[in-house]
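Heads up, the thing below is written out as structure tokens.
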Amino acid sequence: MLIPAQDIQKTVQSAGESTGMQTHNRPAFAPAPSRCLAPDLLRIWNVQADRSYDVICHCPESILVTIRTHAGAGVVFLEDGLPIPLPSDSFITLERPRIRRYYCVDSKWVFWWFEYTLAGAFPAAVNTPYCIQSRPADVPLFEDMFVKLQHPSAAERQVASAGFSVLLHRWFAEIRMRREPSPYQRVIEGVIDRIRGDLSADWTLPRLAMAAGLCETLFRREFKRVTGETPSRFILKSRLHAAVLMIQQGVYTLAGIAGQLNFSSAFHLSAAFKKEFGVSPSQWL
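The working numbering runs 275 ahead of the 1-based position in the sequence shown.
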């Protein structure tokens, strides 16, 4: 059963800043200066969707959107036509005018949707999903933001924006901790280039590890450390995204695409495609 998203809108205004001081026996110092995010929160949704959830849109408003998926899975499409899967425990920030469609691809899709403006550059890659475990501690903060954003007082609405800033900082901190540089970064990047350069090859784990000059266990661990995904998952996603581009060109048969991308058959490609994007290749265009 689809629970309608709740739209909460406020008048756009600059988020205020506040400072506070506590006295400790031992002072705490930041190791280096850091920029504090000051988003101006405009709208938030708490969405619990089923398979019927499918939104086609084009909003010209020059704002940012952050989608925090807690359970189930969805897919978002940007203006270039490429799909971005959003699995459980994922986080992504998008430019609102580029979004064209988003829908549920699982039995459910439970997510938070934030719309906001932000002064200056966004401190992470946009249009790139990150894997971050959902935290129970985030829920009370979100619920408080949900209430305060409706308040007639500008000060209370600014508190909602400050709460969202706290969430963003938490998520970015976890991203940084998970993305510590690998000592094998260049080696893994070289393997990634080889994979993308020949998606028709039979890229088994032993073959990839040999190409990297690492044992299989170490290669798998460092590959996930660099990409956030297992080698098999990375290869499948790369092939499916290549399939999307080939389908859009309209000159390849499904069997031809399957053969060029090392799927055992057109049926195998169709099954993987539908599992990833929620629609079959024939329904794509």
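Beta carbons: idealized from backbone N, C-alpha and C, even for Gly.
Remember, it's a predicted structure, so these values are computed and weren't measured experimentally.
**Item:** ASP381, enclosing alpha helix (DSSP H) - first and last residue
**Value:** Taken as a continuous stretch (DSSP letters only), ASP381 belongs to no alpha helix (DSSP H), being part of the beta strand (DSSP E) at 374-393.
**Message:** In the DSSP assignment, the alpha helix (DSSP H) including GLY349 goes from what residue to what residue?
**Reply:** Here GLY349 belongs to no alpha helix (DSSP H); instead the beta strand (DSSP E) covers 339-353.
**Request:** Could you give the DSSP three-state label for ARG318: helix, strand or coil?
**Result:** strand
**Request:** Please work out which residues of its chain come closer than 6 Å, Cβ to Cβ, to ILE331, disregarding the five sequence neighbours upstream and downstream, and give them in chain order.
**Result:** ARG376
**Asked** Curious, which full-length alpha helix (DSSP H) runs of at least 4 residues does the region 472-551 contain?
**Response** 480-487, 491-502, 506-524, 529-535
**Request:** Consult DSSP for GLU370 and reduce its assignment to one of helix, strand or coil.
**Result:** strand
**Message:** From the DSSP secondary-structure annotation, give me the bridge partner or partners of PRO564.
**Reply:** Past the edges of the chain, shown from 276 to 560, lies residue 564, and the structure says nothing about it.
**Item:** Alpha-carbon spacing of VAL554 relative to ALA430, whole angstroms
**Value:** 45 Å
**Asked** Would DSSP call ASP329 helix, strand or coil?
**Response** strand
**Request:** For ALA562, collect the residues of the same chain with a Cβ closer than 7 Å to its Cβ; drop the 5 residues on either side in sequence, then sort them by chain order.
**Result:** Past the edges of the chain, shown from 276 to 560, lies residue 562, and the structure says nothing about it.
**Message:** Helix, strand or coil for SER293? Go by DSSP, reduced to three states.
**Reply:** In this prediction, SER293 scores a pLDDT of 37, lower than 50, which makes its location untrustworthy; the coordinate-derived value is nonetheless stated afterwards. Looking at SER293 - three-state DSSP - the assignment turns out to be coil, as it is neither helix nor strand.
**Request:** Assuming ARG371 contacts GLU354 (C-beta within less than 8 Å), just tell me the rounded distance between them.
**Result:** Actually they do not touch by this definition, with Cβ atoms about 11 Å apart.
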